[in-house]
Amino acid sequence: KMTFWQENYGFVKDVYDARITKYQEWMDNLEKIVAKVMAQNVQYTYKEFKTIQDTLASLTRDLEKEGMKAWLDMMLEKVASPHGGEGESISAKDKELKTSERLKLQTLIDRHDLLLPSTVETQAKVEVYARCYAYGDDIKPTVKTLDEMLHLSIKEIHPHNMSMVDEQIDKCDKVINTIEAQRDSYEELLKRGQKLIKLPNHAPFLGELLSKMENTWKDANDKSQERIKLLKSTAVEWEKYDELRAAINDPVEKLEGEFKRYRKFFDPDMGTKKFGQKKQLWEDKKKACDDMLATINKCFDTIVVVAGEEKKDYLNKEVAEVVEKMTIIKKCEERLTKLVEYNDKLASTVNHARELDAWAKPTKEKIDNLASSPELAPDVRLKEVMAIYEEMEQKKPQLEPLNEEYKELLTEDDLEKSETAKKTLQEWDDIKAFTSDLCDQIEKESEVIKTDHQHYSDYLNVVNDFEPWIVEAETHCKNPLCRPQNFDEAQALLNGCKDFFALCETKKSALDNAAKARDTMAKKTNAENVVESLAGRWEAVKKISDDRVKTMTNVEQTWNDLQKTTIDLAAKMGEVPKQAKPDLEEIDKVFTAMKWLNDHKKELLAAI
132 KMTFWQENYG
142 FVKDVYDARI
152 TKYQEWMDNL
162 EKIVAKVMAQ
172 NVQYTYKEFK
182 TIQDTLASLT
192 RDLEKEGMKA
202 WLDMMLEKVA
212 SPHGGEGESI
222 SAKDKELKTS
232 ERLKLQTLID
242 RHDLLLPSTV
252 ETQAKVEVYA
262 RCYAYGDDIK
272 PTVKTLDEML
282 HLSIKEIHPH
292 NMSMVDEQID
302 KCDKVINTIE
312 AQRDSYEELL
322 KRGQKLIKLP
332 NHAPFLGELL
342 SKMENTWKDA
352 NDKSQERIKL
362 LKSTAVEWEK
372 YDELRAAIND
382 PVEKLEGEFK
392 RYRKFFDPDM
402 GTKKFGQKKQ
412 LWEDKKKACD
422 DMLATINKCF
432 DTIVVVAGEE
442 KKDYLNKEVA
452 EVVEKMTIIK
462 KCEERLTKLV
472 EYNDKLASTV
482 NHARELDAWA
492 KPTKEKIDNL
502 ASSPELAPDV
512 RLKEVMAIYE
522 EMEQKKPQLE
532 PLNEEYKELL
542 TEDDLEKSET
552 AKKTLQEWDD
562 IKAFTSDLCD
572 QIEKESEVIK
582 TDHQHYSDYL
592 NVVNDFEPWI
602 VEAETHCKNP
612 LCRPQNFDEA
622 QALLNGCKDF
632 FALCETKKSA
642 LDNAAKARDT
652 MAKKTNAENV
662 VESLAGRWEA
672 VKKISDDRVK
682 TMTNVEQTWN
692 DLQKTTIDLA
702 AKMGEVPKQA
712 KPDLEEIDKV
722 FTAMKWLNDH
732 KKELLAAI
């Protein structure tokens with residue numbers, strides 16, 4: 132007889148299988164919902180997550196499923212024995228079925244056991260996660276607004292003029308005001324998020340949400356402030372840019388006016404003064420233009436960042452126009468440089484001429500004084516004139532090159548147009564004529580003074596030789612002649628007197644030449660002329676010498692006659708014994724003559 136379970140096995144098996152399937156589906160759903168809760172890199176809206184939360188709550192009302200597991204375990208025994216029997220009486224087929232069903236059930240139970248820890252963990256986190264998702268929904272409007280403002284603060288803008296810059300400044304002010312209007316909401320949400328993130332089971336995405344909100348707030352503020360700062364700076368720079376492009380016309384126009392008035396100055400002193408003023412004016416205007424251009428370029432660098440590449444070519448053209456205007460600076464510099472170079476050359480030439488004039492005029496006084504002053508000794512006169520002559524030798528060769536320089540610097544055209552040029556050239560002509568005449572005078576006077584000095588040297592040489600001789604001659608004349616003891620001594624003394632007399636004559640000739648040399652000098656001098664005094668002394672010496680020659684000639688002649696008479700007398704006396712009738716009268720006459728000569732000799736010797 133069949134049991135109840137055997138009779139209803141089909142129904143029971145269907146119920147059991149349905150329960151197994153439901154158990155399996157419950158775990159599948161639980162795994163899915165836990166996976167959704169714990170999913171990484173997935174963020175739900177609060178509404179979406181609320182559905183997940185409710186589903187999880189529904190699935191976990193009977194998380195342990197003890198009743199279901201007990202029922203399934205109990206029903207397994209029935210389902211696994213479709214032919215009845217218990218214990219050892221169970222058929223082999225039923226045993227195999229029972230083992231298979233037992234394994235299937237155990238697999239489900241094991242899976243259930245594995246699901247429990249993650250499910251319990253998920254239950255613990257789901258409430259905080261829900262708050263985090265709610266927080267994520269709450270910050271979206273604020274973050275969206277901040278994102279929009281950030282976008283407006285960083286999107287490219289290219290205002291092409293000041294009006295458009297002002298419009299962008301107004302827009303940027305509105306952006307800043309909108310951002311500021313979110314401050315209270317932002318700060319409240321920030322505090323709320325900071326509390327949530329301190330909870331142990333907060334959602335992983337919460338930190339990213341907070342960071343994004345904070346970064347968006349910071350970026351929106353920073354970029355909007357950077358944008359307003361850039362725009363305001365650009366507005367200032369653009370205004371300055373436009374002002375300076377107009378303002379640079381003033382120094383440029385002044386330089387253009389100056390350039391038209393640039394000309395030569397034929398008075399180098401006036402030229403130096405005027406060109407100094409013009410150069411200073413040029414430097415001032417150049418500095419003003421350079422400073423303006425530097426500022427314009429600086430403004431350009433700021434403007435072009437905002438204006439963009441489309442406007443860059445136009446702005447470059449405007450700057451190029453300013454640079455083109457400033458070419459007058461270079462033109463002025465080149466023209467001024469040439470004029471200053473000309474003026475420097477003219478000044479150098481004129482100063483050179485005036486240096487010659489400054490030498491010539493006092494030198495003229497010196498040479499006139501040298502030529503006329505009797506106070507100067509000839510050697511002093513020569514020394515000074517030679518010093519002047521040496522200076523003249525240096526100065527004279529400068530005249531012709533200077534004259535060529537004047538011709539080169541002061542052209543016929545310059546002389547026709549400018550009275551100042553004529554005056555400058557006339558000044559040179561006067562200096563040249565005066566200096567040239569002075570050089571001729573110096574050469575002439577130098578020759579005269581050198582000749583005079585030669586005459587004076589000849590005079591001095593004679594005087595210097597004559598003076599010691601006259602002293603010796605005077606001493607010689609003061610000493611008495613030595614009385615000769617015999618005729619030979621008398622002859623020797625006579626010869627000495629004649630020699631001295633001849634020397635006197637020679638010295639007189641030299642003294643006469645000295646007197647002639649002194650008288651020949653063209654330039655008179657107050658230096659003492661000793662020729663006259665020396666001539667007087669010579670006359671005295673000459674007179675004594677002349678007297679001595681006469682005296683000694685008389686003595687020598689008398690002594691010679693005495694010797695001849697004595698010899699003649701001796702001869703006649705020697706002939707007396709030989710003569711029959713000697714001429715005694717003749718002998719007496721000879722004797723008388725001899726006696727007179729002897730007495731006369733004694734008188735002459737006594738007078739020496």
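So that you can map any letter, position 327 of the sequence shown is 458 in my numbering, and since no number is skipped, the others follow by simple counting. Glycine included, each C-beta is placed from N, C-alpha and C at the ideal position.
Distance, residue j Cα to residue i Cα
{"i": "residue 266", "j": "residue 352", "result": "23 Å"}
{"i": "residue 521", "j": "residue 593", "result": "31 Å"}
{"i": "residue 671", "j": "residue 503", "result": "37 Å"}
{"i": "residue 215", "j": "residue 334", "result": "The pLDDT assigned to residue 215 is 49, lower than 50, so where the model puts this residue is not dependable; a value taken from the coordinates is nonetheless given after this. Residue 215 and residue 334: Cα-Cα distance of roughly 56 Å."}
{"i": "residue 596", "j": "residue 624", "result": "26 Å"}
{"i": "residue 149", "j": "residue 268", "result": "41 Å"}
{"i": "residue 612", "j": "residue 638", "result": "22 Å"}
{"i": "residue 497", "j": "residue 530", "result": "21 Å"}
{"i": "residue 160", "j": "residue 258", "result": "19 Å"}
{"i": "residue 586", "j": "residue 651", "result": "7 Å"}
{"i": "residue 380", "j": "residue 418", "result": "14 Å"}
{"i": "residue 640", "j": "residue 674", "result": "16 Å"}
{"i": "residue 219", "j": "residue 262", "result": "Confidence at residue 219 is low in this model, with a pLDDT of 48, below 50, so the placement of that residue is unreliable and no value is reported for it."}
{"i": "residue 584", "j": "residue 633", "result": "30 Å"}
{"i": "residue 724", "j": "residue 627", "result": "29 Å"}
{"i": "residue 692", "j": "residue 679", "result": "19 Å"}
{"i": "residue 443", "j": "residue 460", "result": "26 Å"}
{"i": "residue 547", "j": "residue 541", "result": "10 Å"}
{"i": "residue 371", "j": "residue 362", "result": "14 Å"}
{"i": "residue 301", "j": "residue 411", "result": "47 Å"}
{"i": "residue 566", "j": "residue 487", "result": "7 Å"}
{"i": "residue 326", "j": "residue 158", "result": "35 Å"}
{"i": "residue 111", "j": "residue 299", "result": "The chain is shown only over 132 to 739; residue 111 falls outside these bounds and no answer can be derived."}
{"i": "residue 681", "j": "residue 513", "result": "48 Å"}
{"i": "residue 132", "j": "residue 162", "result": "Below a pLDDT of 50, predicted positions are generally treated as unreliable, and residue 132, at 39, falls in that range; the measurement from the model is reported next regardless. So the alpha carbons of these two residues sit roughly 46 Å apart."}
{"i": "residue 544", "j": "residue 394", "result": "14 Å"}
{"i": "residue 349", "j": "residue 357", "result": "12 Å"}
{"i": "residue 571", "j": "residue 482", "result": "23 Å"}
{"i": "residue 549", "j": "residue 469", "result": "19 Å"}
{"i": "residue 647", "j": "residue 610", "result": "33 Å"}
{"i": "residue 712", "j": "residue 702", "result": "16 Å"}
{"i": "residue 440", "j": "residue 465", "result": "37 Å"}
{"i": "residue 569", "j": "residue 518", "result": "15 Å"}
Beta-carbon gap between residue i and residue j smaller than 8 Å
{"i": "residue 402", "j": "residue 474", "result": "yes"}
{"i": "residue 563", "j": "residue 534", "result": "yes"}
{"i": "residue 433", "j": "residue 480", "result": "no"}
{"i": "residue 389", "j": "residue 463", "result": "yes"}
{"i": "residue 577", "j": "residue 631", "result": "no"}
{"i": "residue 355", "j": "residue 430", "result": "no"}
{"i": "residue 382", "j": "residue 477", "result": "no"}
{"i": "residue 661", "j": "residue 736", "result": "no"}
{"i": "residue 437", "j": "residue 343", "result": "no"}
{"i": "residue 369", "j": "residue 386", "result": "no"}
{"i": "residue 405", "j": "residue 396", "result": "yes"}
{"i": "residue 320", "j": "residue 328", "result": "no"}
{"i": "residue 276", "j": "residue 309", "result": "yes"}
{"i": "residue 330", "j": "residue 270", "result": "no"}
{"i": "residue 589", "j": "residue 645", "result": "yes"}
{"i": "residue 649", "j": "residue 601", "result": "no"}
{"i": "residue 526", "j": "residue 559", "result": "no"}
{"i": "residue 409", "j": "residue 467", "result": "yes"}
{"i": "residue 288", "j": "residue 359", "result": "no"}
Any non-hydrogen atom of the ligand ADP within 7 Å of residue i CB
{"i": "residue 357", "result": "This structure does not include the ligand ADP; it has no bound ligands of any sort."}
Mind listing, in chain order, the continuous alpha helix (DSSP H) runs of no fewer than 4 residues lying wholly within the segment 446-526? Annotation note: the segment 446-526 contains the following uninterrupted alpha helix (DSSP H) runs of length 4 or greater, listed N- to C-terminal: 458-503 and 509-526.
Touch check for the segment 438-458 and the segment 508-520: three-plus C-beta pairs under 8 Å? No: the two stretches stay apart, fewer than three of their Cβ pairs being nearer than 8 Å.
Can you give, in chain order, each stretch of the alpha helix (DSSP H) that sits fully within the segment 638-726 and has at least 4 residues? Listed in chain order, the alpha helix (DSSP H) runs fully inside the segment 638-726 are 662-706, counting runs of at least 4 residues.
Indicate whether the contact test is met: 3 or more Cβ pairs, each with one atom in the segment 422-441 and one in the segment 271-285, closer than 8 Å. A contact is defined here as three or more CB-CB pairs under 8 Å, and the segment 422-441 fails this definition with respect to the segment 271-285.
For the structure I just gave you, are there three or more beta carbon pairs, one from the segment 715-731 and one from the segment 695-705, closer than 8 Å? With three or more CB-CB distances shorter than 8 Å, the segment 715-731 counts as touching the segment 695-705.
Enumerate, from N- to C-terminal direction, the unbroken alpha helix (DSSP H) stretches of 4 or more residues contained entirely within the segment 280-339. For the segment 280-339, whole alpha helix (DSSP H) runs of length 4 or above, ordered along the chain, are 293-312 and 314-329.
Hey, which unbroken runs of the alpha helix (DSSP H) at 4 residues or more fall wholly within the segment 529-577? For the segment 529-577, whole alpha helix (DSSP H) runs of length 4 or above, ordered along the chain, are 530-540 and 543-548.
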